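Just add 356 to wherever you are in the sequence shown, counting from 1, and you've got the numbering used here.
Glycine residues also receive a C-beta, built at the ideal position from the N, C-alpha and C atoms.
Just so you know, these numbers come straight off a predicted model, no measurement behind them.
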Amino acid sequence: MRGYPGMQGEGRHGGKRRGAGLIVLAWLSGPGMALGAEGDCFDYGALGAGSGPSLGTIKAGATRVPFVQGASGRKGCPGPDPACREKAFLVPGNTVILGGATPGFVCATYVGQKGAVRSGWLPDAAVTRTPAASAPALKDWTGTWTAPEQTLVIRPGKAAGTLSVKGDATYGALDPDRVRRGAVNMGNVEGETAPSGAALAFTMGDKGTLPFAAGDPADCRLRLTLLPPFLLAEDNNACGGMNVTFATVYRRTRP
């Protein structure tokens, strides 16, 4: 990617723990931010809903493919009007995570080499969709997966066919001022469960791992989707201090 990489909407990177019960209920029943407003693209949508996100590649041909503004950015967008084009753009060969679509455009998320995430509309004709992969093996999950302020370590679990997930996350660790003031918030997650195809989900209960829909509304819940080379995660904003979240896109940095 070239241009001006931005960050995703708060559906993937923000949130507070106040009103945890209401947050959990809304999160369990509602769609992702990508579908939150007609004509807008914030990310690839909720995990575990419908067919879920998929991969695509920017086609050869055009030197650059600009992102296109959504309806909230400019009236009549996304559309063919050059005024809808953003400064940020992708180049042929870039891999993107695909979410929802509107006639002529697809909601795409690009992950930079340093983990910065940028979502926006792209012309559908500029993207080649990657065929769906077969169900991953357990070894495809294992390793250390990292994002700018999050780490997930996945290892074989104690029981056959299960995986152990341990993670740490921060909010503000990349902000020198917050570090200086001791204002970095932290969180963690831990559980052991069996994946179902490319999905893995659980609740972190007081006495161990619980099924995803079980436990107290304020318990930390984590849902993962393996979409090589990426690992996608979402949580219920109850896995740490204020604004701490595991919800982002990870790359495997160690096997």
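State buried or exposed for residue i, treating a residue as buried only when at least 16 other CB atoms are found within 10 Å of its CB.
i: V473; result: buried
i: Q469; result: exposed
i: S475; result: buried
i: T484; result: exposed
i: D591; result: buried
i: T419; result: exposed
i: R537; result: exposed
i: P434; result: buried
i: D399; result: buried
i: E442; result: buried
i: N593; result: buried
i: V521; result: buried
For residue i, write down the residues that DSSP places opposite it in a beta bridge.
i: S466; result: Checking the sequence shown, residue 466 turns out to be Tyr, not Ser. R474.
i: D591; result: L578
i: S410; result: L454
i: V605; result: L588
i: T484; result: T413
i: V424; result: R441 and W477
Which residues in the same chain as residue i place their Cβ atom closer than 8 Å to its Cβ, once the five residues preceding and following it in sequence are excluded?
i: T609; result: G499, T500, W501 and T502
i: L530; result: P504 and E505
i: L519; result: L494, W497, T498, I510, R511, P512, G513, E548, T549, A550, P551 and L556
Assuming residue i contacts residue j (C-beta within less than 8 Å), just tell me the rounded distance between them.
i: P584; j: D496; result: 7 Å
i: L508; j: V421; result: Contact flag wrong, Cβ pair sits at about 31 Å.
i: G455; j: P487; result: The Cβ separation is near 17 Å, so there is no contact.
i: G449; j: I414; result: 6 Å
i: F602; j: G513; result: F602 to G513, Cβ: 19 Å. No contact.
i: L578; j: Y606; result: Not quite, the Cβ-Cβ distance comes to about 12 Å (not below 8 Å), so this is no contact.
i: A491; j: A405; result: Not quite, the Cβ-Cβ distance comes to about 19 Å (not below 8 Å), so this is no contact.
i: G432; j: C397; result: In fact, because the Cβ distance is near 15 Å, the residues do not count as touching under 8 Å.
i: T458; j: G517; result: With 8 Å as the limit, T458 and G517 do not qualify as a contact, their Cβ atoms being about 40 Å apart.
Within a Cβ cutoff of 7 Å, which residues of the same chain sit near residue i, ignoring the five residues on either side of it in sequence?
i: N541; result: T526, Y527, G528, G596, G597, M598, N599 and V600
i: G561; result: G571 and D575
i: G543; result: A525, C595, G596, G597 and V600
i: F461; result: V424, P434, W477, L478, P479 and D480
i: A439; result: R430
i: L582; result: P492, D496, W497 and A554
Kindly list the residues whose CB is nearer than 6 Å to the CB of residue i, restricted to its own chain and excluding five residues on each side of it in sequence; keep chain order.
i: V570; result: It is worth fixing the name first, because residue 570 is Ala in this sequence and not Val. If we look at A570 and ignore the five residues flanking it on each side, its Cβ neighbours are T559.
i: T565; result: G547, E548, T549 and F558
i: I453; result: Y400, P409 and T465
i: S385; result: Below a pLDDT of 50, predicted positions are generally treated as unreliable, and S385, at 31, falls in that range; the measurement from the model is reported next regardless. Excluding residues within five positions, none has a Cβ falling inside 6 Å.
3 or more residues per run - each beta strand (DSSP E) lying fully within the region 517 to 574: Counting whole runs of 3 or more residues, the region 517 to 574 contains the beta strand (DSSP E) stretches 519 to 527, 541 to 549, 555 to 561 and 564 to 566.
Residue ranges of each alpha helix (DSSP H) within the region 486 to 514, 4 or longer: Qualifying alpha helix (DSSP H) stretches, in chain order: 494 to 497.
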